[in-house]
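Here's the structure, in structure tokens; my notes come after.
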Amino acid sequence: MNIIEAAHIFFDYVQKDENDQIEEINEALSDLSISIEKGSFVCILGHNGSGKSTFAKLLNGLSLPKEGTVLISGMDTRDESRLLNIRKTCGMVFQNPDNQIIANVVEEDVAFGPENLGVPTEEIVRRVDDALKKVGMEAYRLNSPNRLSGGQKQRVAIAGVMAMKPECIVLDEPTAMLDPSGRRDVLRTVHELNKKEGITIVHITHYMEEAVDADRIIVMDDGRVVMDDEPRKIFSRVDELRNLSLSVPQITELAYELRQAGMPIPLGILTREELLQYIIPLMKRAERKGAGADA
Amino acid sequence: MESCALKDVSFEVEDGLFVGLIGHTGSGKSTLIQHLNGLMKPTSGTVYFDEEDIFAPGYDLKGLRSRVGLVFQYPEYQLFEQDIITDVKFGPKNMGLKDDEASGRAEEALRLVGVDPRLYKRSPFEISGGQKRRVAIAGVLAMGPRVLILDEPTAGLDPKGRDEILDCIDALHTEKGMTVILVSHSMDDVARYADRLLVMDKSRLCYYDTPKEVFTHYKELERMGLSAPQITYLAADLRRAGIMVDERMSTIEEAKAEILGFFHDKDKDHNSI
Numbered sequence: 002m003n004i005i006e007a008a009h010i011f012f013d014y015v016q017k018d019e020n021d022q023i024e025e026i027n028e029a030l031s032d033l034s035i036s037i038e039k040g041s042f043v044c045i046l047g048h049n050g051s052g053k054s055t056f057a058k059l060l061n062g063l064s065l066p067k068e069g070t071v072l073i074s075g076m077d078t079r080d081e082s083r084l085l086n087i088r089k090t091c092g093m094v095f096q097n098p099d100n101q102i103i104a105n106v107v108e109e110d111v112a113f114g115p116e117n118l119g120v121p122t123e124e125i126v127r128r129v130d131d132a133l134k135k136v137g138m139e140a141y142r143l144n145s146p147n148r149l150s151g152g153q154k155q156r157v158a159i160a161g162v163m164a165m166k167p168e169c170i171v172l173d174e175p176t177a178m179l180d181p182s183g184r185r186d187v188l189r190t191v192h193e194l195n196k197k198e199g200i201t202i203v204h205i206t207h208y209m210e211e212a213v214d215a216d217r218i219i220v221m222d223d224g225r226v227v228m229d230d231e232p233r234k235i236f237s238r239v240d241e242l243r244n245l246s247l248s249v250p251q252i253t254e255l256a257y258e259l260r261q262a263g264m265p266i267p268l269g270i271l272t273r274e275e276l277l278q279y280i281i282p283l284m285k286r287a288e289r290k291g292a293g294a295d296a
Numbered sequence: 182m183e184s185c186a187l188k189d190v191s192f193e194v195e196d197g198l199f200v201g202l203i204g205h206t207g208s209g210k211s212t213l214i215q216h217l218n219g220l221m222k223p224t225s226g227t228v229y230f231d232e233e234d235i236f237a238p239g240y241d242l243k244g245l246r247s248r249v250g251l252v253f254q255y256p257e258y259q260l261f262e263q264d265i266i267t268d269v270k271f272g273p274k275n276m277g278l279k280d281d282e283a284s285g286r287a288e289e290a291l292r293l294v295g296v297d298p299r300l301y302k303r304s305p306f307e308i309s310g311g312q313k314r315r316v317a318i319a320g321v322l323a324m325g326p327r328v329l330i331l332d333e334p335t336a337g338l339d340p341k342g343r344d345e346i347l348d349c350i351d352a353l354h355t356e357k358g359m360t361v362i363l364v365s366h367s368m369d370d371v372a373r374y375a376d377r378l379l380v381m382d383k384s385r386l387c388y389y390d391t392p393k394e395v396f397t398h399y400k401e402l403e404r405m406g407l408s409a410p411q412i413t414y415l416a417a418d419l420r421r422a423g424i425m426v427d428e429r430m431s432t433i434e435e436a437k438a439e440i441l442g443f444f445h446d447k448d449k450d451h452n453s454i
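Here the protein sequences come in this chain order: A and B. Take any residue in the first sequence, count from 1 to its spot, add 1: that is its number in the numbering used here. Take any residue in the second sequence, count from 1 to its spot, add 181: that is its number in the numbering used here.
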């Protein structure tokens, strides 16, 4: 079953002058169709301006397509009577944690969503507890958010979404402003929510390494989908990705370079362990040969 | 409540060096760089520029700020003029330069960061994120700094935009001899470009050494909320498997040369390790 069903989407950014006359129209999405299966972990890659964030904003009705339909669990984002339900089903986390946190205490921030939905108080307390536990931030429930690190703030933002009991979370470059440990913690958290809670994750990122563990990668260019496959297949297409202003994870690139230099290594190596498995025997053999030549 | 953002930090940067500054969120990186052009004054201690105490009475701090250019995070949010060239001219005009001189400086700066002259009259809000950021950097370059300090200049950019900005900064360093201090969360980037790394942890300076030396302490770096480049970990893995590659390799180019060298050396000659 598909939780997200976007079909033949067109979206324009229209620039108007002070007299409300149209100055310029920029087509951001052009006949874009994407379906996302419930429970999957999908990464969206694409250069700046390829339409990733525009697409993300369509997924909970923050913007509406000019043409085409977006269905979230079967609900049309154009149907205003379903909007609250759509936003409950599909939560969003953005790049800058400081723009998403509003309360003075962590638990109040997490409670904000369910409070707005009119959830009874005892139930809110339960949900806040539960959400903070799931993102590993329960020890900070009475802290002030502005004393947290970037990664901790992002996990509080994710807890805020979790407290709405969503089926899907869309994260638009959630790690762009974080240090390495903040990035690791956020990544681990979303993977756990996906595995343990069955939450569908749509993760938009410019860090290729973060896409390695996804079930599926969608690459966008010019408002369209240009690649859609499992990570290993996507990251085998090194030159094509470069032409799209993207890259591959460092280990994948090294494996690719070694292969180009003649070493028998397959395409699409994703992790250190995989690369080691190929190069250790080769290097050991070379070492023995070298030792033999010396003797 | 008082809290200490920097504790007993001392270091020297030689003219013409490319220095990477790394540290977890809240480690004191941003506070530190704001001391370097006198935007913040230390509670105790001081900063010397060209051997002169910048906090001494009568020191020309305004002049210092044009010689030590600071590019903040997301500098494109500070663009405000109607067109690109006017925006970049703002700094030099503010320094008291005549209009044509300021234009000359602005054009030179935009050329250095690789902004197409056809865009000069465009609004800075109409161009892509990567271009906006280059225009913002040009705004600082137009003041003619000898030292350029950048706070995470690649945050939020796609891989190509990242490479373009870093290559441009590297060119300013190698071709113009500019001293660069680059604050970054990307260990891969500092491994590739920096001559030295400053590592901040909990308000203190922990390491100040070449990237290669610093990354050999990857376990300590992890305890500080940082990491090392993937290649450093690969070197450690290989050595654990009994293959004695250089433990200090940290970039893809170095790893490639090191691994391939294993085959060529051993096949051809006898001067193997």
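Glycine included, every Cβ here is placed at the ideal spot set by N, Cα and C. Small disclaimer: the values here were computed from a predicted structure and weren't measured.
Going by C-alpha positions, Val227 of chain A is about 33 Å away from Thr413 of chain B. For the stretch 44-78 of chain A, the continuous beta strand (DSSP E) assignments of 3+ residues that do not extend past its boundaries occur at 68-73, in sequence order.
Of all alpha-carbon atoms in B:Asp382, B:Asn275 and B:Leu386, the one lying nearest the alpha-carbon of Met405 of chain B is that of B:Asp382.
Contact between the stretch 174-187 of chain A and the stretch 194-213 of chain B is established, with three or more Cβ pairs separated by less than 8 Å. Those residues of the stretch 75-96 of chain A placed with their C-beta closer than 8 Å to a C-beta in chain B are Gln96, ordered along the chain. Among the residues facing chain B, Ser246 of chain A is included, as its CB has a counterpart in that chain under 8 Å away. Nearest to Glu274 of chain A by alpha-carbon distance, out of B:Asp418, B:Ser431 and B:Arg246, is B:Asp418. In its chain, beyond the 5 residues on either side, Thr70, Val71 and Arg83 have a beta carbon closer than 8 Å to the beta carbon of Asp77 of chain A.
Under the 8 Å criterion on CB atoms, Gln22 of chain A is classed as non-interfacial with respect to chain B. DSSP places Met221 of chain A in the strand class (E or B) of the three-state scheme. Shown here for Ala8 of chain A: same chain residues with a beta carbon closer than 7 Å to its own, the five before and five after excluded, namely Ser34, Gly69 and Thr70 in chain order. In the structure shown, the three-state DSSP call for Asn3 of chain A is strand.
According to the DSSP secondary-structure assignment, Phe42 of chain A is paired through a beta bridge with A:Ile202.
Taking a cut-off of 8 Å for Cβ pairs, the stretch 208-227 of chain A and the stretch 32-51 of chain A touch, as three or more such pairs fall below it. Interface criterion met: the Cβ of Pro340 of chain B is under 8 Å from a Cβ in chain A. Every alpha helix (DSSP H) stretch that sits fully inside the stretch 214-277 of chain B and reaches 4 residues is listed by chain position as 242-248 and 265-275. In the DSSP annotation of this structure, the continuous segment of the beta strand (DSSP E) that includes Val328 of chain B starts and ends at Val328 to Asp332. For Ser237 of chain A, there are no neighbours in chain B by C-beta distance under 8 Å, as the nearest C-beta there is about 17 Å away. Of all residues in the stretch 243-274 of chain A, the ones placed with a Cβ closer than 7 Å to any Cβ belonging to chain B are Ser246, Leu247, Ser248, Gln251, Ile252, Glu254, Leu255, Glu258, Leu259, Ala262 and Arg273, in chain order. Interface with chain A (8 Å Cβ-Cβ cutoff): Ile362 of chain B is excluded. Scanning chain A for C-beta atoms nearer than 8 Å to the C-beta of Met381 of chain B yields nothing, as the closest lies near 11 Å away. Taking the C-beta atoms as reference points, Val94 of chain A is found nearer than 8 Å to Gln155 of chain A. By the neighbour-count criterion, in which 16 or more other beta carbons inside 10 Å mark a residue as buried, Pro256 of chain B falls on the buried side.
At least one CB of chain B lies nearer than 8 Å to the CB of Ile280 of chain A.
Per DSSP, Arg377 of chain B is not a residue of any alpha helix (DSSP H); the beta strand (DSSP E) it occupies stretches across Arg377 to Asp382. For the stretch 422-444 of chain B, the set of positions with a beta-carbon nearer than 7 Å to some beta-carbon of chain A reads Ala422, Ile424, Ile433, Ala436, Lys437, Ile440, Leu441, Phe443 and Phe444 in chain order. For Gly52 of chain A, no CB of chain B lies under 8 Å from its own CB, so it is not counted at the interface with that chain. Counting only Cβ-Cβ distances below 9 Å, Asn147 of chain A has no contacts in chain B at all, with the closest Cβ about 11 Å away. For Cys185 of chain B, no beta strand (DSSP E) run applies, since DSSP gives it neither H nor E.
Around the Cβ of Thr122 of chain A, a 10 Å sphere holds fewer than 16 other Cβ atoms; the residue is exposed.
Here DSSP, grouped into helix, strand and coil, assigns Leu179 of chain A to coil. With respect to the 8 Å criterion, Ala29 of chain A and Asp173 of chain A are not classified as neighbours on the basis of their beta carbons.
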